[in-house]
Structures are given as structure tokens and as C-alpha cells.
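Chain order of the listed sequences is A and B.
Residues in the first sequence are numbered consecutively from 21, following the numbering used here.
Residues in the second sequence are numbered consecutively from 21, following the numbering used here.
Taking it in order: structure first as C-alpha cells, then the write-up.
2 protein chains.
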Amino acid sequence: MSTRKPVKIIDTTLRDGSHAVHHQFSAEDITRICKGLEAGGVYAAEVSHGAGIGGSTLQFGRARLSDRDMLTTAAAALKNTKLAVLLVPGLGTMEDLKVAKECGVEIVRIAVHCTEIDVAIQHVKLAKEIGLEVCAFFMMTHMISADELLGYMKEAESYGVDYIYMADSAGAMVPEDIAVRVKLLKKELNVPIGLHCHNNLGLAIGNSVVGYEAGLDFIDATLQGLGPGSGNTPTEPLVAVLNKMKVDSGCNLYALMDTGDKYVKPLIQHTIQVTNQSLILGYAGIYSSFYQKALDIAEEYDLDPRDIFVRLGDLKVIGGQEDMILDIAYKMAQERKAAS
Amino acid sequence: MSTRKPVKIIDTTLRDGSHAVHHQFSAEDITRICKGLEAGGVYAAEVSHGAGIGGSTLQFGRARLSDRDMLTTAAAALKNTKLAVLLVPGLGTMEDLKVAKECGVEIVRIAVHCTEIDVAIQHVKLAKEIGLEVCAFFMMTHMISADELLGYMKEAESYGVDYIYMADSAGAMVPEDIAVRVKLLKKELNVPIGLHCHNNLGLAIGNSVVGYEAGLDFIDATLQGLGPGSGNTPTEPLVAVLNKMKVDSGCNLYALMDTGDKYVKPLIQHTIQVTNQSLILGYAGIYSSFYQKALDIAEEYDLDPRDIFVRLGDLKVIGGQEDMILDIAYKMAQERKAAS
């Protein structure tokens, strides 16, 4: 197609997209979508509960199907496209990983908060032992500097991972954030680098392209942008844009468009778009788990919830720290009182 | 705010956004939105029929209000934010321009197909004579090379325009297309440069940021992305992204978010999002006026309409050439027959 560097697409419709359907993909959905991804020529299809294998819990939402059922169904529909799973250490176990391998999984992406790669070392080793392709998947990477990120990624590289992903989990990065990080990682690391974007600020495609120009080897996407909130990088326009740039992604645009239109679009329960809600979360750089509680507390304290979100972002809160909303609101109300 | 170069936002919710509401903005809509744009600190608010002043016709759709009513209403609601109109020579007349001036308009953007700036010379001269700020607004600029575009823009500059806009009218450009053009224009022209994007490929925000980094002075946007098809660059996330980049746009993000949410969102009749329809139009680089007819003819000839769109794009068709669809379909059917 051209002499430009090719890029591989990992489609995560059936994993990160699962959040948008409350993890209710049926076996028929998985078969149809996997067949479409195979025809669409993506490098890998990631399939599992939205929170990864072992993620089907009361806290994260029960999936319709067991990991085993999802993965054997997907494996039966895939041939050249590799089957991938996500695993969050603590949620997914070593045992889950073995089951995944038995079901035909070829790639595991071990997902950690950007500063906590050390929790992944045992999972990486086991995955390598049982013959999986292993990716270290760093979440919320907007929270630390490019240099810090590089440090943690070097550690991942020392564990023997095959490639490393940077996820903009809150959709909080602007193009220059992406460019600076990807350039540094490409310069200092030996393994291939991937990027996973969310579209909170409407930048998922733009950031992916800027990341490609900075040297990316892999890009994540989902059909129709299926994903939490404003969704992920949508596969169809991403491939269209790469085609226009004469970058070989190995993909068949029309097959992906058809699959998204026929089998993913009908499953969408809320419109996947940039809203004021997604925008403020991306602007502040925090997870959506903070959203409703902050609205409620803002009303109680007569504050603009946006001010709470921005303050939370400045404090670099992560999932699990939702209790801080009340402290912050109380403090802001006190500050207002003192100022008046 | 920072030492980075500032950028001015021209909001065209009440002009290009008008297409999405079939030109049915009421006086109340105009007042509320203009007040919100004033509070939001945008440089200018463009108000007129979607096809510009004089655009309210049977062919382009009748507006609810006359130009005079729209403009006097808007002028009454604006103070620091300038009132702008679009004028397409042939549709808008010299007389319309005088009316606009009487109503309090300060800026006219004279819109031409990218190769046809010569039709604008008289309008530019009159606009300058009556004391308007004049912008030459080049449409469908993906169709010609950066060098050709520069040539036509130099001509516009020689007419004495105050600034020049490049519009990606079909949402067909990728970031490198923008960067190459803006860098060249900034190097070779003396007047400020603006960019108007459509979101067909999900790149409106990304392209606007890349354009800023290449030197843009103005960026167009609409609240909630209101506009034809997949819409325009949405003002709210654009300003959020500029804030994150510490670029001063003079805007108040929350005021814009509130205005979009309260007064624009309720007017939206179709969801403003990237769809397979917007995608293929952006991919092929053609106007939406080709869409339905190509679908119908594709069915008649048993062709994939996407192949027709791409062929039309290769031929660089523009609005008014919709009759070519039939010729192309006939030819493609003949080619298929010969190949079988």
C-alpha cells in the first residue's frame, strides 16, 4: 500500500465496549462480531468482561456469559485475528489466565494503574510460561509525566513483556501529551508501543493519528466507538483515516463498517457521543465512577460540580477514592464562607 | 494565562448549525444563544441562514426569520462578541450586505469554492467600503494542493481581506493535510488564518488542535457540534482542550457548556455523531447532497454505494454535479460486466 510504517489494530469492542452493554453480549453477538473483525482484518479481538477476565462480579456487574463461554465462542469464530483478553491483577487470577489459554486465547493484556506495574510481575511470568503473547497495559497515564511513565514501562520491559500499551483511560490527554510520551517511549524502549484512547474530549481519533505519527505500533479501537461514556476510538473512522494516510493497518474498511452497522449499532443503549458529562471528566482527568456522587454532593453544598471535578483531578484521584468527594466539597464550602 | 499564542474562536452555531435545524431558529433561540456566546467570550458569533445571508430560498430551505430579523435580534444580544455573517456570492447579494451592515453586522465571511475566489472581488470591495471586517472563506479545500490553495489565497489577500479561512467542508482532511496547509499559509501570507472543520471522520477537534500548533489565528466551532451530518468542531470540548493546553481563547468554558446544554441541545433533531454515512462522505471527500441519490442508483445497478462515493471523490465533484452519479454507476456496471 505504501512505504509508511504499518500499524496493527486491536479491536476491543467485545471487552471495553462491554461496559456500554452492561456486559450482556450474547454468544450470537460474540460470533457475529468476531467473524466481522476477522473479515475486517484486525490484528486481535479482545474479548472478556469489561473489567477483564474474572471481572464478572457484583461490584463490576455480572456478565451474561462465563469467561469460558465467551472465549470458546470467540475462538471458534476467529482464524487469522488473534484472540486477546484483558486481566486486571487482583480481579483476574492466575487460574483465570490458565482457563483463557485453554479456551484458545493468544494474547493477554495485563492492566495496571500507571504507577503499579509491580503487581503484574507474576501474571507476566505465568503468561509467558504458558505461551501467551503478553502486553503490559498502563491505565490513567495522563496522571504522570512522560519520564515517570518511561520508568515504570522499563520495569515492565524487564519482566519480558512483548509490548506495552499506554491508555488514556479518562480521555484526558491532548495531542501534545500523546506525542511527547510516544516519542520518548519509542526512543527508550525496545518493545512495540500501543495506544488506547477514550473520546471524552473528542480527541480519540486525533490523538491516535498523532500517536501514529510519533511512532506507535498498535492502536486500540472499538466498532461504533462502543465503550463507557463517550466511548473509545471508533474502529471504522480510524481505519478510514489510516487508509487516507496510506498507512497499512491490514484492515478491510467496508467489512468493519458493515459489522459495526449490523451487529454493534443495534446493541447501543445510550448514544456514544461527547457530552458535557464526558467532557468534564476528560477535562478533570477522572473516572466516571466519581460522576453521580459528585453531582449529588455539589447540590447538597450548593457548589458547581465542575469545580469539584477539577479539584479531584488536581488531586489525581483514582477509582476507589470516591469518598474524597465529600471532604473536598466540605472544604470548598468552607473556603467560600471564609471568602464571603 | 500563558505565553503561548492566543487563538480566537468564531462560533457558527447560528449559521452552519442552522442546517441541522432546517434554518428554524426563533428570535428567542438567537437571543439566548447570542447571550451565551457573549458570556462565553467568543470573538464572533456568525448568524444567518445556513447558506449565508440571502440563503433563504426554496432550493436551500426557507428560514423561519428574515435576515434582518435574525441580525437585529442577534445584534441586540451581543456587546463584546462581534456579529458575523456568511455570504456566498450569487446567493447573497451586494444589497444583502448593506442590510447586514445596517443591522449591526461587523464581520462578513465571503464563502467561495476553493478555486473561485475571483467571484468575490466585488463583495470584498463593497464590504471594505462600508466598514466591515472581511474574511475570505475557502470551501472544500481538501480538493486542491497546498500550493494551489496558497495561490488562490494570495489573490484574496490582494483584494484587501482582513483574514482568510480554510474550510474542510466535507470533513475529508487528516491532520497532516491540515498541518502542511496551515504551515505554508502562515509562512507565505500576511493576514491571519482560520480553520473551519467538519467531523465526518471524527477529526474536527484533533485537526483544529493540529492547526493551532501549525499557527492558526482563528478556529470555527459550534455549540454541541451543531451542523450538517456529523456536525462541526464542537465549541465546548475545543475550549476545554485549549484550556488544557494553556492556550488563551478568551473563552469561558462553563458559560459555553451551559449555553450548549440549555439552549442548543434541546433543538437537536438528529444525533450529531460520526456515522457510516458521514464517514463515507468524509472518506470520499464529497458533499452530503450526493448521498441519497447515490444510494438509490447503487441499488438500481446492484453496486456498493461506497464504491460510487469514492469514484465521485476521485473526480472531485462539487455541489451541482449530482447528475454525474448516474454516469458513474452506468460505467461501473459496464466495467463489472466486462470483467466477468
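Glycine included, C-beta positions come from ideal geometry on N, C-alpha and C.
Predicted, not measured: the structure shown is a model, and the values here were computed from it.
Delimiting residues of the beta strand (DSSP E) encompassing A/Ala-65: Residue range 64 to 67 is occupied by the beta strand (DSSP E) that includes A/Ala-65.
Neighbourhood of B/Leu-146 by C-beta, 7 Å cutoff - its chain only, sequence neighbours within 5 removed: Excluding residues within five positions, the ones whose Cβ falls inside 7 Å are Met-114 and Leu-117.
Suppose contacts are defined by Cβ-Cβ distances below 8 Å. Is B/Leu-215 in contact with B/Ile-184 by that definition? Going by C-beta atoms, B/Leu-215 is not nearer than 8 Å to B/Ile-184.
Tell me which residues share the same chain as A/Glu-126 and place their Cβ nearer than 8 Å to its Cβ, disregarding the 5 neighbours each side in the sequence. In the same chain as A/Glu-126, and ignoring 5 residues on each side of it, the C-beta atoms closer than 8 Å to its own belong to Ala-64, Lys-102, Leu-103, Ala-104, Leu-152 and Glu-153, in chain order.
Just to make sure I have the definition right: I need the residues of chain B whose C-beta is within less than 8 Å of the C-beta of A/Thr-291. Which are they? Simply Thr-291 and Gln-293.
Could you run through the stretch 324 to 339 of chain B and flag, in chain order, every residue whose CB is less than 8 Å away from some CB of chain A? For the stretch 324 to 339 of chain B, the set of positions with a beta-carbon nearer than 8 Å to some beta-carbon of chain A reads Asp-324 and Arg-326 in chain order.
7 Å CB neighbourhood of B/Arg-35 in its chain, flanking five on each side removed: Hits under 7 Å: Glu-66, Val-67, Ser-68, Gly-70 and Leu-106.
According to DSSP, is A/Pro-109 part of a helix, a strand, or is it coil? In this structure, A/Pro-109 counts as strand in the three-state DSSP scheme.
Establish whether the CB of A/Ala-224 and some CB of chain B are separated by less than 8 Å. Answer yes: the Cβ-Cβ gap between A/Ala-224 and chain B drops below 8 Å somewhere.
Ordered list of alpha helix (DSSP H) runs contained in the stretch 148 to 188 of chain A, each at least 4 residues: Fully contained in the stretch 148 to 188 of chain A are the following alpha helix (DSSP H) runs of length 4 or more, in chain order: 166 to 178.
When the distance is taken between beta carbons, is A/Ile-213 closer than 8 Å to A/Leu-205? A/Ile-213 is positioned such that its CB atom lies closer than 8 Å to that of A/Leu-205.
Beta-carbon proximity check, B/Gly-222 vs A/Pro-254, cutoff 8 Å: Yes; because the gap between Cβ atoms is below 8 Å, this pair is in contact.
Does A/Glu-196 get closer than 8 Å to chain B when you measure Cβ to Cβ? It does: the Cβ of A/Glu-196 has a partner Cβ on chain B nearer than 8 Å.
Chain-ordered neighbours of B/Ala-260 on chain A, where CB pairs are closer than 7 Å: Neighbours of B/Ala-260 on chain A, chain order: Leu-221, Leu-299 and Tyr-303.
Can you pull the chain B residues whose beta carbon is under 7 Å from the beta carbon of A/Val-229, in chain order? Under a criterion of Cβ atoms nearer than 7 Å, the residues of chain B adjacent to A/Val-229 are, in order, Val-194, Pro-195 and Gly-226.
Cβ of A/Lys-148 less than 8 Å from any chain B Cβ? Answer no: the Cβ-Cβ gap between A/Lys-148 and chain B never drops below 8 Å.
Using C-beta distances below 8 Å, list every residue in its chain close to B/Ala-95, excluding the 5 sequence neighbours before and after it, in chain order. Apart from the 5 residues on each side of it in sequence, B/Ala-95 sits with its Cβ closer than 8 Å to the Cβ of Leu-103, Cys-123, Gly-124 and Val-125 in its chain, given in chain order.
Taking the continuous alpha helix (DSSP H) assigned at A/Lys-28, which residues delimit it? For A/Lys-28, no alpha helix (DSSP H) run applies; the uninterrupted beta strand (DSSP E) run containing it begins and ends at 28 to 34, by DSSP.
Amino acids of chain B, ordered along the chain, whose beta-carbon sits closer than 9 Å to that of A/Met-277: Neighbours of A/Met-277 on chain B, chain order: Asn-296, Leu-299, Ile-300 and Arg-326.
Please work out which residues of its chain come closer than 7 Å, Cβ to Cβ, to B/Met-21, disregarding the five sequence neighbours upstream and downstream, and give them in chain order. The predicted position of B/Met-21 is uncertain, since its pLDDT is 47 and thus under 50; a value taken from the coordinates is nonetheless stated next. Around B/Met-21: Lys-266 and Asp-268.
Considering only DSSP beta bridges, list what B/Ala-131 is partnered with. Residue pairing by DSSP places B/Ala-131 opposite B/Phe-157 in a beta bridge.
DSSP on B/Ala-275, reduced to helix/strand/coil? DSSP places B/Ala-275 in helix when its eight states are reduced to three.
For chain B, is any of its Cβ atoms less than 8 Å away from the one on A/Met-21? For A/Met-21, the pLDDT reaches just 47, beneath the cut-off of 50, and the residue's location in the model is therefore unreliable, leaving the point undetermined.
Please classify B/Thr-161 as buried or exposed, where buried requires at least 16 other C-beta atoms within 10 Å of its C-beta. Around the beta carbon of B/Thr-161, 16 or more other beta carbons lie within 10 angstroms, which makes this residue buried.
Looking only at C-alpha atoms, which of A/Ile-137, A/Ile-300 and A/Ser-228 sits nearest to A/Pro-109? Nearest C-alpha to A/Pro-109 among A/Ile-137, A/Ile-300 and A/Ser-228: A/Ile-137.
Could you tell me the boundaries of the alpha helix (DSSP H) in which A/Ile-198 lies? Per DSSP, the unbroken alpha helix (DSSP H) holding A/Ile-198 starts and ends at 195 to 208.
How would you write the range of the beta strand (DSSP E) that B/Ala-241 sits in, first residue to last? Segment 238 to 241, the beta strand (DSSP E) holding B/Ala-241.
Note down the Cα distance separating B/Tyr-321 from A/Gln-289, rounded to an integer number of angstroms. Using only the alpha carbons, I get a separation of about 35 Å.
Any idea what DSSP makes of A/Cys-217, helix, strand or coil? Judged by DSSP in its simplified three-state form, A/Cys-217 adopts strand.
The alpha helix (DSSP H) enclosing B/Thr-92, as first and last residue numbers: Taken as a continuous stretch (DSSP letters only), the alpha helix (DSSP H) holding B/Thr-92 covers 87 to 97.
Is the shortest distance between the beta-carbon of B/Lys-203 and the beta-carbons of chain A less than 8 Å? Not one beta carbon of chain A lies nearer than 8 Å to the beta carbon of B/Lys-203.
Looking only at its chain, what residues have a beta carbon closer than 6 Å to the beta carbon of B/Ala-59, apart from the 5 residues adjacent to it on each side? Its chain contains Ala-275 as the residues whose beta carbon lies nearer than 6 Å to that of B/Ala-59, once the 5 sequence neighbours on both sides are disregarded; these appear in chain order.
So, using beta-carbon positions, are A/Asn-252 and A/Asp-237 closer together than 8 Å? Not closer than 8 Å, so no.
Suppose you measure from the CA of B/Glu-48 to the CA of B/Gly-245; what does that come to, to the nearest Å? Their Cα atoms are separated by approximately 20 Å.
Distance, Cα to Cα, A/Tyr-303 vs A/Leu-98? C-alpha of A/Tyr-303 to C-alpha of A/Leu-98: approximately 38 Å in a straight line.
In angstroms with no decimal places, state the Cα-to-Cα distance between B/Gly-75 and A/Ser-189. Approximately 44 Å between the Cα atoms of the pair.
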